[in-house]
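Chains A and B supply the protein sequences, listed in that same order.
The first sequence begins at 1 in this note's numbering and counts up one residue at a time.
The second sequence begins at 1001 in this note's numbering and counts up one residue at a time.
Ideal Cβ positions, reconstructed from N, Cα and C, are used throughout, including at glycine.
As the structure is a computational prediction, the values presented were derived from the model and not from experiment.
2 protein chains.
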Amino acid sequence: MFPKVGSFKFHIESYVCDFTGKATLPVVSNFILQAATIHAHERGFGYNNILKDNVAWVLSRLSIEMSEYPEHDEDLTVETWVENVTRFFTQRCFCFINKNKRIIGYARTIWAAIDIETRRPVDIPVWRPDLQDYIEQEKRCPIEKLAKIPSVNGLESSMGYSVRYSDIDINKHMNSVKYMEHIVNTFDLNIFKEKFIHKFEIVYLAEGTFGDKLKLYKQSVSENEYIIDTKKGEESICRSRIIWK
Amino acid sequence: MFPKVGSFKFHIESYVCDFTGKATLPVVSNFILQAATIHAHERGFGYNNILKDNVAWVLSRLSIEMSEYPEHDEDLTVETWVENVTRFFTQRCFCFINKNKRIIGYARTIWAAIDIETRRPVDIPVWRPDLQDYIEQEKRCPIEKLAKIPSVNGLESSMGYSVRYSDIDINKHMNSVKYMEHIVNTFDLNIFKEKFIHKFEIVYLAEGTFGDKLKLYKQSVSENEYIIDTKKGEESICRSRIIWK
C-alpha cells in the first residue's frame, strides 16, 4: 500500500519560467494538479479508476501561499495528502520543498466528485467509504481555510478574452490553470519586477466553454490585495484574490 | 565527448494535452527548444556557455511536420543534431520517435547568433570555428527547406491580442512558442475534431515586447492550407503557414 503522503519531484525547465527566471504561479498550480492526479491514481481513486462509476473529480477551490518560487533548473518536490473527506468534498493539501529541502510554500484544494452525466455532486462517503482510510492526521497545512471572495461589481472590465483551443484541456473543459494565466495577465509587467504573488485564492463557480466571451473585473482591496472576478455576462465563472509581497 | 546526435525523452503529461488527448503543436515545439538547449549546452555552445561572449541564439525559422501527435501518458523521444553551419545561421534538425520506436515527425530550425548589445548577427565560423565539428553528415531530415511565406494584406484581422506577462519568457522577450499558441487559437475547435496540424512553418521577423498590440491576419490558400501573419501595425512580427490533414 502506498503511504498516505505522496511526494513528487518536478524539474523547473526554462520554458516554464517568467522573465525573473522563476516558475510562475500557473506552473506551480499545474504541478499541484499533476501531483494530485498521480497520488489519487496510485491509491485507486484517480480519474481513470473512477470513470467506471461515471464520476469525475472537479476542482472547486484552490488556495496557495508561497514564500518564494522555485528557480530555473532547480528541482521542486511537491508533497500531497488528503486532509479531510466530507459528504460532498475532499480536502487535499500540498507542501512545496525546494532543492535545499526548505519548505517554500503550501496549498490547499477542495474537490467535488460529480456524476459525469447529471453533473450533480456524488455523496462521497456513500460512494467510496474507503477514502476515509487515506486521511492523513499528522501533517499540518498552515494555510487558513478559504474565505468567501466577494463579487466585483460595477467596475470597468480591465480585460476580456474568448475561450479558445489552447484554453480547453483533456477533459474538454476550460482548464482550471488557464483561468489563472488570464488572471495574472491583468497585471502590468512592472509589478512582477518588484513583487511576487505571495497568496492566491480561487473559487470556481461555473464552467467556461469554447467560444465564451469572458471578462475580468479587477478591484484593488488594499495596497497589495486584489480581487479579480471572471464573468460571462452577469455570471461569475470564477473569483480570485491575489496578495502581492 | 558527446555524440553529434542528442536524444532526449519527454513524458506527455495530461496538462500538455488538448481535448483530443494528444500533445499540442506548441507543446511539441517546447520540446524542440528544450532539446536544442540541452544538446547545445552539453557540447559547450549553449546559452550559458556563450553569454560570456555577449552572444545569444535566436530562433529565426521553424518547420515541423507530424504524421501524428504523441498521446497522454506516452513517452516521446526527440533526437536533434546540427545539419549545417553557415556564416550567419546554424541549421538544426529534429526527429520525433514514439513509444513504439516509430518516427512520427521531423522538424527543421534555423538559428542566428546575435550580439546581445548591438542585436547584430555574429559571423559564426569566425566566432566559433569549432561548431563545424558538430555537423552530423549521416542523419537525414526529409523536410523541405523553408519556402518564403508571403504577407497577408488587406484582410480583416481574425483576432488580436496584447503581449502580456505570460507571453514573456526567461530571456525577457515574447516567447517563440507563445506566438504559435495565439496562431493555433485563431482556429475553431471543430477543425481540431476532424483534422490535425500536419505541417507548420514560422518565420520570426521582429520582436514583440510587453504591451504590444498584435493582430493576426489569416488567409486560406487552399482547402487545408492557411497563412497567418502576426502584425504590429503594418509590420509583420512573424509569418506562419499551417497545413491540416
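Local Cβ density within 10 Å of residue i, reported as buried at 16 or more and exposed below that
{"i": "D1018/B", "result": "buried"}
{"i": "N1175/B", "result": "buried"}
{"i": "T1230/B", "result": "buried"}
{"i": "G160/A", "result": "exposed"}
{"i": "S261/A", "result": "Because chain A spans 1 through 245 in this model, residue 261/A falls outside it and cannot be assessed."}
{"i": "T24/A", "result": "buried"}
{"i": "F1200/B", "result": "buried"}
{"i": "D1169/B", "result": "buried"}
{"i": "G211/A", "result": "exposed"}
{"i": "L1216/B", "result": "buried"}
{"i": "V221/A", "result": "exposed"}
{"i": "M1180/B", "result": "buried"}
{"i": "I116/A", "result": "exposed"}
{"i": "L51/A", "result": "exposed"}
{"i": "R1140/B", "result": "exposed"}
{"i": "G1233/B", "result": "exposed"}
{"i": "T86/A", "result": "exposed"}
{"i": "K22/A", "result": "buried"}
{"i": "P129/A", "result": "exposed"}
{"i": "I1103/B", "result": "exposed"}
Helix, strand or coil at residue i [DSSP, three-state]
{"i": "L25/A", "result": "helix"}
{"i": "V1246/B", "result": "The structure shown has nothing for residue 1246/B, since chain B only spans 1001 to 1245."}
{"i": "L216/A", "result": "strand"}
{"i": "T1020/B", "result": "coil"}
{"i": "E136/A", "result": "coil"}
{"i": "D115/A", "result": "strand"}
{"i": "T1209/B", "result": "coil"}
{"i": "I1032/B", "result": "helix"}
{"i": "H72/A", "result": "coil"}
{"i": "I38/A", "result": "helix"}
Span of the alpha helix (DSSP H) around residue i
{"i": "I1191/B", "result": "1189-1194"}
{"i": "N84/A", "result": "N84/A -> not in any alpha helix (DSSP H); beta strand (DSSP E) instead, spanning 75-85."}
{"i": "S1176/B", "result": "1176-1184"}
{"i": "I50/A", "result": "47-50"}
{"i": "I124/A", "result": "124-127"}
Cα-Cα separation, residue i to residue j
{"i": "T1118/B", "j": "A1206/B", "result": "15 Å"}
{"i": "K1034/B", "j": "E1079/B", "result": "What sits at residue 1034/B in the sequence shown is Gln, not Lys. When rounded, the distance between both Cα atoms is 11 Å."}
{"i": "Q91/A", "j": "D167/A", "result": "26 Å"}
{"i": "I12/A", "j": "K1193/B", "result": "32 Å"}
{"i": "I1202/B", "j": "H39/A", "result": "39 Å"}
{"i": "C1238/B", "j": "W57/A", "result": "40 Å"}
{"i": "L1131/B", "j": "H173/A", "result": "47 Å"}
{"i": "E74/A", "j": "F31/A", "result": "14 Å"}
{"i": "R1164/B", "j": "N224/A", "result": "20 Å"}
{"i": "N1098/B", "j": "E144/A", "result": "45 Å"}
{"i": "H198/A", "j": "S63/A", "result": "11 Å"}
{"i": "G208/A", "j": "I124/A", "result": "25 Å"}
{"i": "E235/A", "j": "A147/A", "result": "20 Å"}
{"i": "Y1069/B", "j": "V55/A", "result": "28 Å"}
{"i": "W244/A", "j": "Y1204/B", "result": "35 Å"}
{"i": "N1190/B", "j": "P1150/B", "result": "27 Å"}
{"i": "H1136/B", "j": "K101/A", "result": "The amino acid occupying residue 1136/B in the given sequence is Glu; His does not appear at that position. Their backbone Cα atoms lie some 42 Å apart in a straight line."}
{"i": "S14/A", "j": "F1045/B", "result": "17 Å"}
Start and end residues, beta strand (DSSP E) containing residue i
{"i": "M1066/B", "result": "1055-1066"}
{"i": "I143/A", "result": "From DSSP, I143/A is part of no beta strand (DSSP E); its letter is neither H nor E."}
{"i": "E1201/B", "result": "1197-1204"}
{"i": "I97/A", "result": "89-97"}
{"i": "I254/A", "result": "This structure does not reach residue 254/A, given that chain A is present from 1 up to 245, and the question cannot be answered."}
{"i": "I1149/B", "result": "Unbroken run through I1149/B: none, as it is neither H nor E."}
{"i": "R1241/B", "result": "1235-1244"}
{"i": "K1009/B", "result": "1006-1011"}
Proximity below 7 Å, CB of residue i to CB of residue j
{"i": "A1257/B", "j": "V1126/B", "result": "For chain B, the structure presents residues 1001 to 1245; residue 1257/B sits outside this window and is missing."}
{"i": "V1152/B", "j": "I1227/B", "result": "yes"}
{"i": "E71/A", "j": "Y106/A", "result": "no"}
{"i": "V1177/B", "j": "S1029/B", "result": "yes"}
{"i": "R108/A", "j": "C93/A", "result": "yes"}
{"i": "F1010/B", "j": "L1059/B", "result": "no"}
{"i": "Y134/A", "j": "V82/A", "result": "yes"}
{"i": "T1186/B", "j": "K1213/B", "result": "no"}
{"i": "I110/A", "j": "F88/A", "result": "no"}
{"i": "R1043/B", "j": "F1002/B", "result": "yes"}
{"i": "V16/A", "j": "V5/A", "result": "no"}
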